[in-house]
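These protein sequences, in sequence, are chains A and B. Per numbering that gives the first Met the number 0, residue 0 is the first one in the first sequence, and the count goes up by one each step. Per numbering that gives the first Met the number 0, residue 0 is the first one in the second sequence, and the count goes up by one each step. Yeah, the Cβ is synthetic: ideal placement off N, Cα and C, and Gly gets one too. Report on one structure; see the data block that follows.
There are 2 protein chains.
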Amino acid sequence: MRMRPLTRADRAQLAMILEVSAYPKPGNVDRCHDYETTRLEHFLASAILARPALEAAERSEGGPGALIHQAVECTSGHRGGNTHFGAFILLIPLLMGGDIPGATRVVGSTTVDDAVEFYRAFGKTEVRVIQGHELDVHDPSSIMEIRSRGMTLYDLMLFSAPRDMVAREWINGFEMTRRGADLIHAAGSGQQAVVEAFLGL
Amino acid sequence: MRMRPLTRADRAQLAMILEVSAYPKPGNVDRCHDYETTRLEHFLASAILARPALEAAERSEGGPGALIHQAVECTSGHRGGNTHFGAFILLIPLLMGGDIPGATRVVGSTTVDDAVEFYRAFGKTEVRVIQGHELDVHDPSSIMEIRSRGMTLYDLMLFSAPRDMVAREWINGFEMTRRGADLIHAAGSGQQAVVEAFLGL
Numbered sequence: 000m001r002m003r004p005l006t007r008a009d010r011a012q013l014a015m016i017l018e019v020s021a022y023p024k025p026g027n028v029d030r031c032h033d034y035e036t037t038r039l040e041h042f043l044a045s046a047i048l049a050r051p052a053l054e055a056a057e058r059s060e061g062g063p064g065a066l067i068h069q070a071v072e073c074t075s076g077h078r079g080g081n082t083h084f085g086a087f088i089l090l091i092p093l094l095m096g097g098d099i100p101g102a103t104r105v106v107g108s109t110t111v112d113d114a115v116e117f118y119r120a121f122g123k124t125e126v127r128v129i130q131g132h133e134l135d136v137h138d139p140s141s142i143m144e145i146r147s148r149g150m151t152l153y154d155l156m157l158f159s160a161p162r163d164m165v166a167r168e169w170i171n172g173f174e175m176t177r178r179g180a181d182l183i184h185a186a187g188s189g190q191q192a193v194v195e196a197f198l199g200l
Numbered sequence: 000m001r002m003r004p005l006t007r008a009d010r011a012q013l014a015m016i017l018e019v020s021a022y023p024k025p026g027n028v029d030r031c032h033d034y035e036t037t038r039l040e041h042f043l044a045s046a047i048l049a050r051p052a053l054e055a056a057e058r059s060e061g062g063p064g065a066l067i068h069q070a071v072e073c074t075s076g077h078r079g080g081n082t083h084f085g086a087f088i089l090l091i092p093l094l095m096g097g098d099i100p101g102a103t104r105v106v107g108s109t110t111v112d113d114a115v116e117f118y119r120a121f122g123k124t125e126v127r128v129i130q131g132h133e134l135d136v137h138d139p140s141s142i143m144e145i146r147s148r149g150m151t152l153y154d155l156m157l158f159s160a161p162r163d164m165v166a167r168e169w170i171n172g173f174e175m176t177r178r179g180a181d182l183i184h185a186a187g188s189g190q191q192a193v194v195e196a197f198l199g200l
């Protein structure tokens, strides 16, 4: 039977469920390993619940900051803490831009409003933040500081890139994302392809 | 953070992923067991891919037969054979009707066209059919036979009910579906609730 055409949102959701199910991924949640409070089911539910934000990103309805914020709000209905915040930071520009060159254009055109929305989103996650950070996401004055410095979301990622491999993707043209995709293709796209890519990165 | 309102399609997808992940479910695919050619990933992908048909059912766009057919077509993109055909036969009326009394009204109002669409859907699945069955889904004359007898989809289910526990649900007011939901609630909706319901049915 002919397959229905997949949307970008479908592909993003398939990537999220295949990634988390792939086993073994030492140190990560996978089909056979949970964290104490974040389980496989939380990741799977998060992939389902993210749908409206992924669809909005595919239609470029709003900037990357607001769309990441929407994705965080969509997926806050489970009690497993942070599941896909890092994934959304990468997936939203990819959904908007359609591919890595497109995503690179999207992140290069972010605004101060994107930075503010991103900070609001970050404050709603349970991602651990290094104490005493100059721009603390739980400190409302950080948003004033971002505005007064005129920092875009790209500037924020540039600022975080030395310590954060997700932020680094925004700066270096999604280098590890590209390498991961190449490793999956090289592994033949079978059941073990995600694991081989994970171990090879 | 406040959870976004869940649609019926969201709830159906969450049910599908939580059901298949729940472990242990002796004899079924679960988090730790695959069939030889149908794996956990096929069920998870099927839950994602079904989305357009589930949304259409929530809006009652079309009859139950056409919507089951759409769900089968949506989910035909993986190579794991049949994953959710039985689930769709139950979920589509529930999505259309909103609850069990509503679903019971939906199945009671099916038409001959619903029966024909259902047969077309059935022929596209890899569900095993008993050989020599009077209305073989792979025999085009079955559809003529359905039309000449004026059989509705409800009539077809009535015909199959003695041998098929999914068809039986249509006839008896979703008795086992109700019992499953009650068992899940009684088990407290935690991680083991699906397993307890499965074993208790």
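Beta bridge counterpart(s) of residue i as assigned by DSSP
{"i": "A/H32", "result": "A/D29"}
Cross-chain neighbours of residue i in chain B, by beta carbon under 8 Å
{"i": "A/L157", "result": "Neighbours of A/L157 on chain B: none; closest Cβ ~28 Å, over 8 Å."}
{"i": "A/D9", "result": "I47, L48 and R50"}
Secondary structure of residue i, DSSP reduced to three states
{"i": "B/T176", "result": "helix"}
{"i": "B/K123", "result": "helix"}
{"i": "A/M164", "result": "helix"}
{"i": "B/T151", "result": "coil"}
{"i": "B/R3", "result": "coil"}
{"i": "A/T110", "result": "coil"}
{"i": "B/A21", "result": "coil"}
{"i": "B/P139", "result": "coil"}
{"i": "B/G101", "result": "helix"}
{"i": "B/A186", "result": "coil"}
{"i": "B/L200", "result": "coil"}
{"i": "B/Q12", "result": "helix"}
Buried versus exposed, by CB contacts within 10 Å (16 or more), residue i
{"i": "B/C31", "result": "exposed"}
{"i": "A/G61", "result": "buried"}
{"i": "A/T103", "result": "buried"}
{"i": "B/P92", "result": "buried"}
{"i": "B/V71", "result": "buried"}
{"i": "B/E116", "result": "buried"}
Amino acids of chain A, ordered along the chain, whose beta-carbon sits closer than 7 Å to that of residue i
{"i": "B/A192", "result": "Under the 7 Å cutoff, chain A gives no residues; its nearest Cβ is about 11 Å from B/A192."}
{"i": "B/E35", "result": "In chain order: nothing, as chain A lies at least about 12 Å away."}
Closer than 8 Å at the beta carbon, the chain A residues around residue i
{"i": "B/A44", "result": "L13, I16 and L17"}
{"i": "B/E40", "result": "I16, L17, S20 and Q190"}
Under 9 Å by beta carbon: chain B residues contacting residue i
{"i": "A/G199", "result": "Result: empty, since nearest Cβ-Cβ is about 20 Å, beyond 9 Å."}
{"i": "A/L53", "result": "The premise fails here: A/L53 is roughly 11 Å from chain B at the closest Cβ pair, so nothing lies under 9 Å."}
Proximal residues of chain B, C-beta to C-beta of residue i below 7 Å
{"i": "A/N30", "result": "The sequence shown places Arg at residue 30 of chain A, not Asn. Going along chain B in sequence order, the residues near A/R30 (Cβ under 7 Å) are R30 and L39."}
(request) Go through the segment 28-85 of chain A residue by residue and report every complete run of the beta strand (DSSP E) that reaches 3 residues or more, in order. (result) As far as the segment 28-85 of chain A is concerned, it has no whole beta strand (DSSP E) run of at least 3 residues.
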